[in-house]
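Residue numbering for the sequence shown follows our numbering, starting at 29 and increasing by one per position. Virtual Cβ for every residue (Gly too), placed ideally from N, Cα, C.
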Amino acid sequence: MKIIVCIKQVPDAKDVRLDPKTNTMAREGVAAIMNPFDRHALEEGVRLKEQYGGSVTVVSMGPPQAEAVLREAVACGADEAVLVSDRAFAGADTWATTYTLGKAIEKNGSFDLIICGKQAIDGDTAQVGPGLAKRLHIPFVSYVKKITGLANGILSLHRLMDDGYDEVEMPLPGLLTVVKEINVPRVPSLKGKMKAKSLSIKTMNAEDIGADAECIGLPGSTTQVVKVFSPVFKGERAMLQGTVDEQVEQLVNKLEPYL
């Protein structure tokens, strides 16, 4: 089975801050990590490889420094790594991102399964996985919490729902987005770290993937972030005094204008 896992380098959530002058996320001096949900996608890909055989290729779209998370993924069991990087990709929204990743995956050859994390913690849109499946014209299942089996090219899954889970079957090739409940990611092994250190990472730019300049980066984005800001807390509070009945009456009087 040839498995592709899409991963993203994101700012460490505990260090995220906003630039008060530009109203954009300040990335200078902020630690970058592998998107936490993508760790679970990677772990599931490696487990499937160990159970059914095959290979795991990790793909990331980002700046040159995103190579760090690709090497980390190899240290955790991935076999190959592809970095899709070009200044022309800067400013891409999820629409342009899925186009870019789709072109890169098509150029990289055939595959049986693509696994993505549920969402990235810096954007929280949960759009890239389903959007990528649409671009590649393959079936997908989101919020997967368990893979129960594979037989005759059909993957059996549990999809997390608010009131339990659905039992779903998906033909391959296909795409999954997974939730954190699916597994516990492993830590890199010494052997894996040694392999990651010496691995040659394949880098692809806009020309390599045959991208249309009008479909990538800002030109290819259908949405733009106009402003990012921290919400201002404007809550009001009042202390109610007296007996319980008196406090209830005061509360009703305060809430009545909003009813």
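How long is the line joining the alpha carbons of residue i and residue j, rounded to whole angstroms?
| i | j | result |
| --- | --- | --- |
| Ala179 | Leu129 | 28 angstroms |
| Ala96 | Val196 | 35 angstroms |
| Glu71 | Val207 | 12 angstroms |
| Cys144 | Val272 | 53 angstroms |
| Leu76 | Leu279 | 57 angstroms |
| Met62 | Ser258 | 24 angstroms |
| Ala266 | Glu100 | 52 angstroms |
| Ser226 | Val86 | 16 angstroms |
| Val84 | Lys282 | 60 angstroms |
| Phe117 | Ser217 | 33 angstroms |
| Ala154 | Leu160 | 11 angstroms |
| Val212 | Asp66 | 12 angstroms |
| Leu200 | Asp140 | 6 angstroms |
| Gly151 | Leu98 | 20 angstroms |
| Lys162 | Lys42 | 33 angstroms |
| Val110 | Lys173 | 26 angstroms |
| Cys243 | Leu164 | 15 angstroms |
| Ser184 | Val102 | 27 angstroms |
| Asp194 | Asp236 | 40 angstroms |
| Val190 | Gln147 | Here residue 190 turns out to be Asp, not Val, going by the sequence shown. In a straight line, the C-alpha of Asp190 is about 17 angstroms away from that of Gln147. |
| Met198 | Lys255 | 40 angstroms |
| Tyr286 | Lys135 | 58 angstroms |
| Ala234 | Ala241 | 8 angstroms |
| Val276 | Gly263 | 21 angstroms |
| Ser192 | Ser228 | A small correction: the amino acid at residue 192 is Gly; Ser does not occupy that position in the sequence shown. Roughly 43 angstroms between the two C-alpha positions. |
| Glu78 | Val260 | 49 angstroms |
Identify which residue in the options has its Cα closest to the Cα of residue i.
| i | options | result |
| --- | --- | --- |
| Glu108 | Asp273, Lys230 and Pro259 | Lys230 |
| Arg187 | Phe168, Leu200 and Pro201 | Phe168 |
| Trp123 | Arg115, Asn281, Pro259 and Gln252 | Gln252 |
| Ser249 | Ala161, Asp194, Ala120 and Lys131 | Ala120 |
| Ile32 | Gly270, Glu274 and Thr205 | Thr205 |
| Pro92 | Ala106, Lys36 and Glu78 | Lys36 |
| Thr126 | Ser88, Ser228 and Ile175 | Ser88 |
| Ile149 | Ile175, Tyr286, Val38 and Glu284 | Val38 |
| Ile142 | Glu264, Leu287 and Met29 | Met29 |
| Leu246 | Gln79, Val215, Arg115 and Pro64 | Arg115 |
| Pro64 | Ala224, Ile175 and Ile210 | Ile210 |
Answer yes or no: do residue i and residue j have a C-beta to C-beta separation smaller than 8 angstroms?
| i | j | result |
| --- | --- | --- |
| Ala59 | Asp40 | yes |
| Cys34 | Gly220 | no |
| Ser113 | Gly90 | yes |
| Ala132 | Met232 | yes |
| Ser170 | Gly157 | yes |
| Val74 | Ala94 | no |
| Ile166 | Gly137 | no |
In this structure, how does DSSP classify residue i when only helix, strand and coil are distinguished?
| i | result |
| --- | --- |
| Asp194 | strand |
| Gln252 | coil |
| Lys30 | strand |
| Lys223 | helix |
| Gln275 | helix |
| Ile182 | strand |
| Val38 | strand |
| Lys262 | coil |
| Pro199 | strand |
| Leu246 | coil |
| Val97 | helix |
| Val280 | helix |
| Leu287 | coil |
| Leu218 | helix |
Does the beta carbon of residue i sit closer than 8 angstroms to a beta carbon anywhere in chain C?
| i | result |
| --- | --- |
| Lys219 | No chain C is part of this structure, which consists of one protein chain only. |
*Entirely enclosed alpha helix (DSSP H) segments - the region 51-88, minimum 4 residues*: 64-80
*Jot down the residue ranges of each uninterrupted alpha helix (DSSP H) in the region 99-180, minimum 4 residues, whole runs only, in chain order.*
122-135 and 156-164
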